[in-house]
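For the first sequence, the numbering used here begins at 5 and goes up steadily by one.
All C-beta atoms, glycine included, are put in the ideal place defined by N, C-alpha and C.
Remember, predicted model here, so these are calculated numbers, not experimental data.
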Amino acid sequence: MDVKDRDCNNSANISEEEEQMDLRRGPWTVEEDFALINYISTHGDGRWNSLARCAGLKRTGKSCRLRWLNYLRPDVRRGNITLEEQLLILELHSRWGNRWSKIAQYLPGRTDNEIKNYWRTRVQKHAKQLKCDVNSKQFKDTMRYIWMPRLVERIQAAAATATAAAATGGDSSTTTSNTYQLNNSINMTPTGHVGFPPATVGGAQVNTIATPENSSTAASSDSFGNQVSPVSDLTDQYYNNPVPVNNIQNQDYFQVNQADFSESLISPCGYFNQGLDFQAMEQNNQSQWMESGDMSDNLWNAEDIWFLQQQFRNNM
DNA sequence: AAGAAAGTCAACCGCCCACGT
DNA sequence: AACGTGGGCGGTTGACTTTCT
């Protein structure tokens, strides 16, 4: 049924009483979920206000739409944000900022709401711990130069472990999982484009992120013929000019690569002298971070802390 | 064990834009 | 051109859960 043709038999005769009936708010009940799912499965979605009426839901159209898109939709993926997804979120956020829906397009099954929540609860939390604004250049570059490479390193390590396990006939479930994430989260585009062949980072393959910009045969114009400004993002350099992750501690790497950018970037080491109060961070937060049980979900793990501290001391 | 604090996330709100009339 | 409506978006809230003291 064409949703455009949807029309409740009584939609034209909705009584004022019904019109003014108090709408439900707050958490959805199982019955409401069933009603919404059943209705959409037979009639399709769209025209949310009339859909809400016709489905007999005392909800606003917006509420129905939100419930469907963020929770009931069959392809919605739940659970922890994977390392690959974290990397992708950081990468895309560095390009587009708080364009959550746009970012969500590149993470199949994830909703803009979920990504937004992830950003606010995890990323902003760590910016707070570093005593800098999440939108500050300091924090952004710290993410680019330190955090994202560390994520890549961890992804590689997980992949290597999984590969080894598979080679020895061990449980390959992890391998399958990681492969799935890489192929489906990072290398997929909203329009179904396939990304460029995998680049290598530190000797391991990492799929190049395919965006409308770079999936259109690397041209400088988009599918509408509009000029698309090249993404001058260090992560692109990172993907396209693989450098062993260990070299990230080498200031020369940054200085050499920065030459490609019109805007000179301050190396992360510079920040250790300029702004980030790592001593305070160490005093205030290290114990908390170090003692955190689940490191997999933390942006900074024990190694990161150690790494940051080394950088700090080397630049004293 | 219990209360407080912090974290998480579903849901709501208000604004904006596109589109039809 | 003006208006109404539907839908999408980012920001915010608040209930619930988890962790800490």
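R158: member of the alpha helix (DSSP H) spanning 152–171, first to last residue. Per DSSP, T115 lies in no alpha helix (DSSP H) and is assigned neither H nor E. If you compare the alpha carbons of R69, T125, R99, R29 with that of I44, the shortest gap goes to R69. Rounded to the nearest angstrom, the gap between the Cα atoms of L55 and R148 is 44 Å. With 16 or more other CB atoms across the displayed protein chains lying within 10 angstroms of its CB, K144 is buried. Separation of R114 and S105 (C-alpha to C-alpha, rounded to the nearest whole angstrom) is 10 Å. In this structure, W72 lies away from L27, with their beta-carbon atoms at least 8 Å apart. With contacts defined as CB atoms closer than 8 Å, L111 and E89 qualify as a contacting pair.
By the C-beta density criterion, W151 is buried, having at least 16 other C-beta atoms within 10 angstroms. In terms of Cα proximity to W32, the closest of R51, H47, T64 is T64. Per DSSP, W32 lies in no alpha helix (DSSP H) and is assigned neither H nor E. The DSSP-derived three-state label of C68 is helix.
The beta carbon of A131 is closer than 7 Å to those of D137, V138, F143 in its chain, skipping five residues each way along the sequence. Rounded to whole angstroms, A166 and K135 show a C-alpha spacing of 36 Å. According to the DSSP assignment, Q90 belongs to the alpha helix (DSSP H) that extends over 87–100. Collapsing the DSSP output to three states places K120 in a helix. Just so you know, the alpha carbons of E157 and T146 end up roughly 16 Å apart.
With a beta-carbon spacing of about 5 Å, N117 and N74 fall inside the 8 Å limit used to define contacts. Counting along the chain, the unbroken alpha helix (DSSP H) around K106 starts and ends at 104–108. L96 and I107 have their C-alpha atoms some 6 Å from each other. For the 8 Å CB-CB criterion, L91 and A162 do not form a contact. Assigned with DSSP and collapsed to three states, C136 falls in coil, not helix or strand. When DSSP states are grouped into helix, strand and coil, A59 belongs to the coil group. Rounded to the nearest whole angstrom, the CA to CA distance from G50 to R77 is 13 Å.
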